[in-house]
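Visitor:
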Ligand SMILES: [Ca+2]
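In the numbering used here, the protein residues as written are 236 to 648.
Next comes the structure, spelled out in structure tokens:
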């Protein structure tokens with residue numbers, strides 16, 4: 236017993252030091268995390284997770300934010316703010332994670348903590364059986380706040396986020412938030428067996444110089460179910476590649492490249508000025524000044540989708556609309572490929588000008604795909620990417636991505 240007490244004292248001393256250290260390092264940490272690729276290590280631990288509370292035997296701990304070694308692997312994204320280990324408002328173990336949340340009001344990308352899997356702390360990467368996520372939160376603000384849970388998943392050579400599940404928490408309250416995951420929906424778009432990060436997000440600041448918001452979080456855990464996933468769900472209409480009418484459909488899209496090389500954020504837009512058809516469109520914004528390799532005035536960012544078409548020769552073309560929210564003409568790159576194991580579309584592309592502050596219709600014919608060597612029965616990816624300004628905030632929107640059986644009336648090139 237004496238030995239145990241001594242160990243606790245030592246640990247406390249270590250934690251105090253760690254708290255200071257992590258806090259002091261935080262600015263650097265945030266900057267590095269924005270620029271750095273996920274650090275996925277191949278450490279495989281055979282230790283079972285022993286930290287399941289006795290009164291919650293159906294819940295398994297993911298993290299309790301106890302040690303510096305553990306939290307240093309977490310990434311703070313999208314101008315997050317700060318995070319540090321705290322001894323206040325702990326609900327599991329003796330420490331919580333104190334968050335000072337900012338988020339860039341221009342990008343509207345949620346400030347996010349990304350917690351890596353496949354580590355000695357979280358071995359689990361297959362989350363197929365996980366139906367609920369639990370997080371203890373103390374909302375130290377005078378207003379109701381929303382907290383989001385999502386996954387980042389491996390998808391071929393790229394990554395894709397799952398949709399965000401939201402929970403609200405009242406002002407100056409502590410609560411256990413329960414995120415009920417729609418496994419059927421997620422399974423339609425992403426591979427739940429390949430989770431790279433579990434992510435906790437918050438709303439962005441909504442205006443310039445908005446005061447930071449404070450939260451304490453602890454005791455992130457999950458429960459599982461034996462219910463099978465319903466894989467008969469079909470969310471697309473005939474000949475529709477992407478309607479952009481639901482935030483859930485964002486899951487179908489992957490970054491064209493590693494974040495480091497093509498840093499951008501894709502999000503759901505409901506502003507009717509930027510919708511061509513239906514109830515929504517997708518917005519892509521750049522992440523200016525992130526030290527991307529290269530020095531030109533623009534760099535290429537974009538997102539790609541598997542069109543899930545069995546034979547492209549059944550169609551005349553695919554098409555989409557794109558809005559360039561900028562006062563100058565920019566270059567679009569509509570690329571397509573069928574190769575596997577290559578994370579950048581190399582099979583062919585259309586480059587064309589995007590009119591300033593206007594919609595442009597883009598149609599790529601099957602004839603053109605065939606002429607560029609695309610295997611019509613294995614048309615894996617189509618991507619929509621734009622050469623965006625390197626240092627200035629910028630957005631483009633796209634909508635109504637369809638397969639067309641006949642030449643469409645909008646054809647412009
Ligand atoms: Ca804890």
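Glycine included, C-beta positions come from ideal geometry on N, C-alpha and C.
To the nearest angstrom, how far is the alpha carbon of residue 544 from that of residue 622?
Guide: Taking the first residue of the chain shown as position 1, residue 544 is located at position 309. Taking the first residue of the chain shown as position 1, residue 622 is located at position 387. Looking at the two C-alpha atoms, the distance is approximately 28 Å.
Visitor: Rounded to a whole number of angstroms, what is the C-alpha to C-alpha distance between residue 637 and residue 490?
Guide: In the chain shown, residue 637 corresponds to position 402, counting from 1. In the chain shown, residue 490 corresponds to position 255, counting from 1. Residue 490 has its alpha-carbon roughly 20 Å from the corresponding atom of residue 637.
Visitor: Expressed to the nearest angstrom, what Euclidean distance is found between the alpha-carbon atoms of residue 523 and residue 293?
Guide: Within the chain shown, the letter at position 288 stands for residue 523. Within the chain shown, the letter at position 58 stands for residue 293. Their Cα atoms are separated by approximately 44 Å.
Visitor: Roughly how many whole angstroms lie between the Cα atoms of residue 616 and residue 540?
Guide: Sequence index remark: in the chain shown, residue 616 carries index 381 (1-based). Sequence index remark: in the chain shown, residue 540 carries index 305 (1-based). One C-alpha to the other measures close to 5 Å.
Visitor: Does the region 305-323 come close enough to the region 455-473 to have 3 or more Cβ pairs within less than 8 Å?
Guide: no
Visitor: Between which two residues does the alpha helix (DSSP H) holding residue 606 run?
Guide: On the chain shown, residue 606 is found 371 positions in, with the first residue counted as 1. Where residue 606 is concerned, the enclosing alpha helix (DSSP H) stretches over 601-606.
Visitor: Please determine, among 319, 358, 448, the residue with the shortest C-alpha to C-alpha distance to residue 378.
Guide: Counted from its first residue, the chain shown places residue 378 at position 143. Nearest C-alpha to residue 378: 448.
Visitor: Please confirm whether any heavy atom of ligand 1 lies closer than 6 Å to the CB of residue 395.
Guide: Position 160 of the chain shown holds residue 395. Within 6 Å of the C-beta of residue 395 there is not a single heavy atom belonging to ligand 1.
Visitor: Is it right to say residue 280 is buried, meaning 16 or more other beta carbons lie within 10 angstroms of its own, or is it exposed?
Guide: Here residue 280 corresponds to residue number 45 of the chain shown, with the count starting at 1. Residue placement at residue 280 cannot be trusted, given a pLDDT of 38 that sits under 50; what the coordinates show is reported in the next sentence. An exposed status is given to residue 280, since fewer than 16 other beta-carbon atoms sit within 10 Å of its beta-carbon.
Visitor: Return yes when at least one heavy atom of ligand 1 lies under 6 Å from the C-beta of residue 649, else no.
Guide: Residue 649 lies beyond the range of the chain shown here (236 to 648); nothing can be said about it.
Visitor: Flag this pair as touching only if the region 437-446 and the region 340-350 have three or more C-beta atom pairs under 8 Å; answer yes or no.
Guide: Flag = yes, the region 437-446 and the region 340-350 touch.
Visitor: Measuring from the CB of residue 304, is there a heavy atom of ligand 1 at a distance below 6 Å?
Guide: Here residue 304 is taken as the residue at index 69 of the chain shown, counted from 1. Residue 304 Cβ: outside cutoff for every heavy atom of ligand 1.
Visitor: Using the three-state DSSP reduction, which class does residue 401 fall into: helix, strand or coil?
Guide: Against the chain shown, residue 401 aligns to sequence position 166. In this structure, DSSP gives residue 401 an extended state, which the three-state scheme calls strand.
Visitor: Going along the chain, which unbroken runs of the alpha helix (DSSP H) with 4 or more residues stay wholly within the region 300-330?
Guide: 303-306
Visitor: With burial defined as no fewer than 16 other Cβ atoms inside 10 Å of the residue's Cβ, what is the status of residue 445: buried or exposed?
Guide: Locating residue 445 in the chain shown gives position 210, counting from the first residue. Result: exposed.
Visitor: Assuming contact is defined by CB atoms lying nearer than 7 Å, are residue 389 and residue 429 in contact in what I supplied?
Guide: Here residue 389 is taken as the residue at index 154 of the chain shown, counted from 1. Here residue 429 is taken as the residue at index 194 of the chain shown, counted from 1. Yes, they are a contact pair.
Visitor: Quick check on the burial criterion: 16 or more other C-beta atoms within 10 angstroms. Buried or exposed for residue 442?
Guide: Within the chain shown, the letter at position 207 stands for residue 442. Exposed is the call here.
Visitor: Tell me the rounded alpha-carbon separation between residue 643 and residue 316.
Guide: Position 408 of the chain shown, counted from the start, is the residue given in the question as residue 643. Position 81 of the chain shown, counted from the start, is the residue given in the question as residue 316. Using only the alpha carbons, I get a separation of about 47 Å.
Visitor: Shortest alpha-carbon distance to residue 537 belongs to which of 531, 554, 519, 548?
Guide: As a first step, residue 537 must be located in the chain shown, where it is residue number 302. The residue with the shortest Cα to Cα distance from residue 537 is 519.
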